[in-house]
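What follows is a single structure, written as structure tokens, with notes after it.
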Amino acid sequence: MIQLSYSQVNRDLLKTMEPPGKVYYVILALDLAVLAWGFYAWTYQLRTGLGVTGLNSPVGWGVYIATFVFWVGIAHSGTLISAILFLFRCRWRNPIYRTAEAMTVFAVMTAALYPIIHLGRPWRFYWLLPYQQRGHFWINFRSPLIMDVFAVATYFIVSAAFFFTGLVPDLAVVRDKAVGWRRKFYTFLAQGWEGTDREWRHYSSAYLLLAALATPLVISVHSIVSWDFALTIVPGWHSTIFAPYFVAGAIHSGLAMVLTILIPLRRIFRLETYITPAHLENLAKLLILTGLIMGYSYGTEFFISWYGGNIFEQATFRYRIVGDYALAFWIMAVANSVVPLLFTVKKIRMSVPWLFGLSLVINVGMWCERFVIIIASLAHDYIPFAWGLYKPSWVELSVLAGTFAWFFLWFLLFVKFLPVVSITEVKELVEPPLKGGVDP
Amino acid sequence: MSQRINRRNFLKILGVGGAATALVSCSAEPPETLIPYLIPPEEIIPGVATWYATVCRECPAGCGMLVRTREGRAVKVEGNPSHPVNRGRLCARGQASLQGLYNPDRIRQPLLRGDSGQFQSISWEEAERLLVERLADLRRQGKAKGIACVTPLLSGSLDHLIGTWLAALGSKRRLTYEAFAYEPLKAANRIVFGLDVIPSYDIGAAELLLSFGADFLETWISPVAYTSAFATMRAYRDGRVGTAIYVGPRLSLTAANTDQWVRIKPGTELYLVMGLIHVILKERLAPSIPQKEAKQLKALVKAYDPEAVAAVTEVPAGKVFRLARMFARARPGLAIGGGVAAASRNATATLVAINLLNYVTGNVGRTVRFGPNANLAKLATYRDMLSLVKAMDKGEVQALLLYGVNPLFTLPEAAGFRAALKKTPFVVSFAPFMDETTAEANLILPDHTPLESWGDYSPWEGVHGLMQPVMQPVFKTKAVGDLLLSVAKRVDDRMAKEFPWPTFYEYARDRWGELHRRLAPMKEFEAFWEEALRSGGIWKEARATPVRLSPEVFQMAFEPPELDGGAAEAFHLLPFPSLVHYDGRGANRPWLQELPDPVTEIVWDSWLEIHPEAAKRMGIGDGDVIAVTSPHGALELPAHLHDGLHLDTVAIPIGQGHWAYGRYAGGRGANPLVLLSPDPEEVSGGLAWSATKVSLRKTGRRHHLVTVGGSSQQFGRGIAQTISLAEMTELAKDGEGAGREAHRPKQIYPPHDHPKHRWGMSIDLNACVGCNACVAACYAENNIPVVGKERVAEGRIMSWIRITRFVEAQQPNRPDIRFLPMLCQHCDAAPCESVCPVYATIHTPEGLNAQVYNRCVGVRYCSNNCPYKVRRFNWFQYAWPEPLNWQLNPDVTVRTVGIMEKCTFCVQRIREAEDRAKDEGRVVREGEVTPACAQACPARAIVFGDLKDPRSEVSKLSRDSRRYQVLEELNTQPAVTYLKKIRQALE
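Written out as structure tokens, the structure is:
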């Protein structure tokens, strides 16, 4: 229980929305510059063709798809924290779930850019949507890419609805304090929330319902994304372990990303009272779990490739550990399954700088995992004569930077337009005021 | 262009062949410009191809061609099935003749070197006037003897015209020059058999083929014909296949296709041959020769016992014995030689010995037949060229007329042609391209390319190929024959009277009148002429002349080769003709530049081959730029490590290193001829190609040699499979269908239904030699863009079919190099189809895996999931520089940026055949559809047809005992069946 009054909570948590200082604008300008550069790189790619990337035959997918998977993965922890932990009545989630959920929504918005960016003819992206085209064309439901379209779109809709629903009572608080155009803006967003019992009753059941809806998506979406690979016959992709392995990986990377975002946030906005080391510790403990799952998955992959006796699989996995992309592999192996084990040391998981540093390492490791799975498998598949290498070009790296800027742009806007910690749910943790309603 | 040029009236003439769409004769004036749709001549049906028969002039082999034209433009060339040389097949160079026709670097109008030294465009009128004035002047001054003319091998009307024309002017300086002129071959036949000729070699009939450095699958004499014959020889029959052994210092493509490569010290082939004869005579393995001759020959080879031979050649004595016995046992065998690889200073002696070897084993008259002989023997020798150079140097040559030759590039730099050219006051070139020699000319009168010209060419006795223009000239060029006639009329009246023909077309017809009187006097001339046009020429069997040993042979001195270069030059230099560039003339064809060299897989470049051990000794790595110095010159080339090489030898391909010759050829690599000794070989007067020693020095710089292909190893994946002869014989006992049907696991989805046809292909790896003809044909047929060296390096080559090359664990001297043409397998359970989100790739009811370009959004998922990696993505919007785009096949879509493409089994040809069948109310017949690759294949390795028809050739082959499918265990159920290569165990 937090020993604070409701009004103190309101004051503290709305402080984040105060007009920003110079530093904020500098950061915003930098972010926009990177975004503009990424956009320029993308238009260059549009004008010239995908030849400006490092892609080739045999490596048809590169950094774009790897980062797509990375962002979809990031998106998962938000829902895990907001929905699954909600259903499990883990109340320690309350102060951190808003940020995690925002991260989810923005991560999906970022991830969704990649399938379009990587198309040979992006101006025809809508052909991937399920509608009757040119009279009778339909899409191929057997293609995992179509499943992806559904999965990611569903995930975006549900997580956005969930995010918004949870926001409504807070928006009413913001509305009540706001003046001028902001008042109009938040009045619209708050949807006429009055805080009546009836509204709270509806709100609670809607929230529960959405949480229940979102929970299976945590499992299904990344399973489906993993089928992009598992349903092919590429050695290193064609594996039944992929769905659970990808879900675990998604949560692993998402938790790390939550830490990466929360730690600076709590420092900048002085939210230490609300987001305590205990919260961070809980996340770190979860990371131990997911890290162990990752280690187990890696081990299983290697074991099966050896045990299965398939020479193509064996060659692929041998190539991963000693081949051209071995560095990425070893970063992935160490960062994802060994580094989280450091959190078993209490001192480390209680230390904010350690947490922050290691969360960054895990993020890098998870990106490398996607890179290794996609590129190292494609580079050396069945016909040795067709083997090739891939190196990302400046265009791909620029677009990559641009999309990171895109993600952070939303985050920068988020911290100034919406309460980053749920006022409502923090209040649930606060000793209720005295009957009679006098605020001490 | 004036009315006189009746060649333009070629539409009057029937040019029909192959798929035979008759073009009916009619009097319509052909359009003056090449936009046929503006005023369509009534005999051209838009959308229907017209075929013209002509002769390929990309090398002296003189294969017959059929040229497919659409709306007045040539779009594809194919072999002429009725031509006796190539029987419907064509090599990569022949395919690329179209890129000569449409080369953007062609000379577009006459050029005159101005006072500033720069060329300026002039009109034809002026150009002709300049030439006439000059020639008439020389004649008046009595200096007509100083007019010299150099042409490539011509053997028909143009040859005759140039000869008589020059004679009428008053000169006899006429040379027919080819870089590869086979002088030693000719000389050896004179010495041994008293005949100054190049005979026919019946490779197809040989049981054992022993090649001493003759790269007969690449450039030697008539590669298409020999590749075809080689496939025949290697085919399985009654428990046997022909055996081939290659003796030479370098593992060439030809060597890679033999059963055994005998690595020999360069220049010592002679000793091995003598050693073989020694053993054969000593062991009395040659029963058929007269006692007296045997005795004489025995004396001749006395010194060459296998031990002595082994000491010189580095071939173990035991091997000499085995080779000799094997060769003598073969009925018949065939030994050939005379390639550049064995052209040391004792080249003629080596070939004399080879002749003797064939003689003692009774092959002469069986596999070596003196008749029909090759017209190559009519070529001037290298020594003749040297005398011309000397004459030019002395100022005896007042005017040099160059037609279709590039001596500045193809003669050794040290031969002094460059300086001699400077001393020649008036140099005229008739070249269609700005080659090195033409760039030094005073006046350029660009000729048509052969595809735009009338003419005839006879590569062998009795084979008279007829050339006709297949389309309007692309540029303002003028056929050299027309030009000579027109000049003759203007020089003076006497000459005008001597040459009354208005155009070369009439002249050629008249010359054919003679042929008509000789060959078919019963027929009407018109019918004879039209028949010849339609079938591409006229052929007559030539009888073989029996030969006897000439006494000259016993006076022959067999001396060790003297090499140029002292102790400082540690390496023996072996320049070798490039498979695709020949003597350099192919280098301006982008298709040929993009074709990977089958042995090294290098594209767009030239290199120095060096043995890895020698490289290690010198600290040379792959791609290190090496300065190569001989006593005659120096050059720099990147090193390529190649273990198929004699240790003390370095090899450089001939053909690159152009400093002129257009955008595609210029500035790539170096020309090894700058290193060569200019002294001719003593006996034959030929150029001693491999008689120079060189020294190497690292420059410290590096150069990126771009290769196609990731790994040359199979890692036990069974992609290119072989079968031993013993196994094969065992299987063959079980008869047809002994090859197991593919194992078909159960599937969720039902198999595809093929109501009418299921198109399929079989590829015989035992026949495929990796020559790349199919690849070039595919480029031509399917509008495949050329991407250039940098993009090939990035893995963006667009070829739909490519020759994958696997090198198995190298046993010494036994090449196990396997070539496997890889193209879309048109799987029945195609992994690409299920993953495409938009159904852009689908299985058609005829069993094709179709790619719908318009539907493709470019996710590249199909390519990722294709285990064969045969899909090609359009990374860029590719362009064809004008007028190369004229060659684009109108039946095939030109693809746009951002979409996937791949082999279609030439669906446009299938459609055409089906439409025709439908019009005629029948089903498509067996053999009616032939994709471009199968059509071109000189080895007939590719067979296409309907798998639903159990009697079709392809169906039978799909059940052959050698059948297998690549990555069969993936259950992709390909429509392409491969036939395993047959392996022979030789000691």
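Here the protein sequences line up with chains X and C, keeping their order. If you count the first sequence from 1, position 66 lands on 65 in numbering that gives the first Met the number 0, and the numbers rise without skipping. If you count the second sequence from 1, position 792 lands on 791 in numbering that gives the first Met the number 0, and the numbers rise without skipping. In this text, a Cβ means the ideal position worked out from N, Cα and C, and glycines have one as well. Bear in mind the structure is a predicted one, so any value in this text is a computation, not a measurement.
The residue among 192/X, 141/X and 423/X with its C-alpha nearest the C-alpha of residue 93/X is 423/X.
In the structure shown, residue 108/C adopts coil according to DSSP, grouped into three states. Neighbourhood of residue 863/C in chain X, by CB distance below 7 Å: 59, 60, 231, 233 and 377, in chain order. DSSP lists 67/C as the beta-bridge partner residues of residue 50/C. Residue-level contact by beta carbon holds for residue 857/C and chain X, with a gap shorter than 8 Å. Beta-bridge annotation (DSSP): residue 679/C is paired with 686/C. Here the segment 470 to 481 of chain C makes contact with the segment 440 to 456 of chain C; the two share three or more CB pairs at distances below 8 Å.
Each residue's CA atom was taken as its position, placing residue 80/X and residue 355/X some 19 Å apart. Counting only runs that start and end inside the segment 207 to 259 of chain C, the beta strand (DSSP E) elements of at least 3 residues fall at 207 to 211 and 242 to 247. Non-local C-beta neighbours of residue 279/C in its own chain, meaning closer than 7 Å and more than five positions away in sequence, comprise 285, 323, 327, 359 and 360, ordered along the chain.
Neighbours of residue 803/C in chain X, taken as residues at a C-beta separation under 8 Å, are given in chain order as 382, 384 and 385. For residue 874/C, at least one C-beta of chain X is nearer than 8 Å to its own C-beta. Three or more beta-carbon pairs drawn from the segment 241 to 251 of chain C and the segment 205 to 213 of chain C are found closer than 8 Å, and the two stretches are therefore classed as touching. Under the criterion of beta carbons closer than 8 Å, residue 909/C and residue 773/C do not qualify as touching, at roughly 17 Å. The three-state reading of DSSP puts residue 402/C in coil, since its state is none of H, G, I, E or B. Across the set 239/X, 395/X, 39/X and 249/X, the C-alpha of 249/X shows the shortest separation from the C-alpha of residue 103/X.
Residue range 91 to 94 is occupied by the alpha helix (DSSP H) that includes residue 93/C. The Cβ-Cβ distance between residue 65/C and residue 454/C does not fall below 8 Å. Less than 8 Å separates the beta-carbon of residue 864/C from that of residue 231/X. By the beta-carbon neighbour count (other beta carbons within 10 angstroms, threshold 16), residue 195/X is exposed. Closer than 8 Å at the C-beta level to chain X, one finds these residues of the segment 695 to 725 of chain C: 708, 709, 710, 711, 712, 713, 714, 715, 716 and 718.
Boundaries for residue 582/C: no beta strand (DSSP E) harbours it, and the DSSP string shows neither H nor E there. As the crow flies, the alpha-carbon of residue 421/X is around 24 Å from that of residue 70/X. The continuous beta strand (DSSP E) containing residue 842/C extends over residues 840 to 842. Around the C-beta of residue 419/X, 16 or more other C-beta atoms lie within 10 Å, and the residue is accordingly described as buried. For residue 404/X, the CB contacts under 7 Å within the same chain, skipping 5 residues up- and downstream, are 30, 33, 34 and 37 in chain order.
No Cβ of chain C is located within less than 8 Å of the beta carbon of residue 358/X.
Just so you know, the alpha carbons of residue 664/C and residue 435/C end up roughly 11 Å apart. Within a 10 Å sphere around the beta-carbon of residue 853/C sit fewer than 16 other beta-carbons, which makes this residue exposed. Burial state of residue 201/X is exposed, judged by a 10 Å Cβ sphere holding fewer than 16 other Cβ atoms. The straight-line gap separating the alpha-carbon atoms of residue 420/C and residue 120/C is approximately 22 Å.
Between residue 598/C and residue 252/C, the CB-CB gap stays under 8 Å. Across the segment 306 to 332 of chain X, CB contacts with chain C closer than 7 Å involve 310 and 314, in sequence order along the chain. Judged by their CB atoms, residue 334/X and residue 360/X are nearer to each other than the 8 Å cut-off. When Cβ pairs closer than 8 Å are counted between the two stretches, the segment 683 to 702 of chain C is seen to touch the segment 330 to 343 of chain C, the count reaching three or more.
Under the three-state reduction of DSSP, residue 446/C is assigned to coil, being neither helix nor strand.
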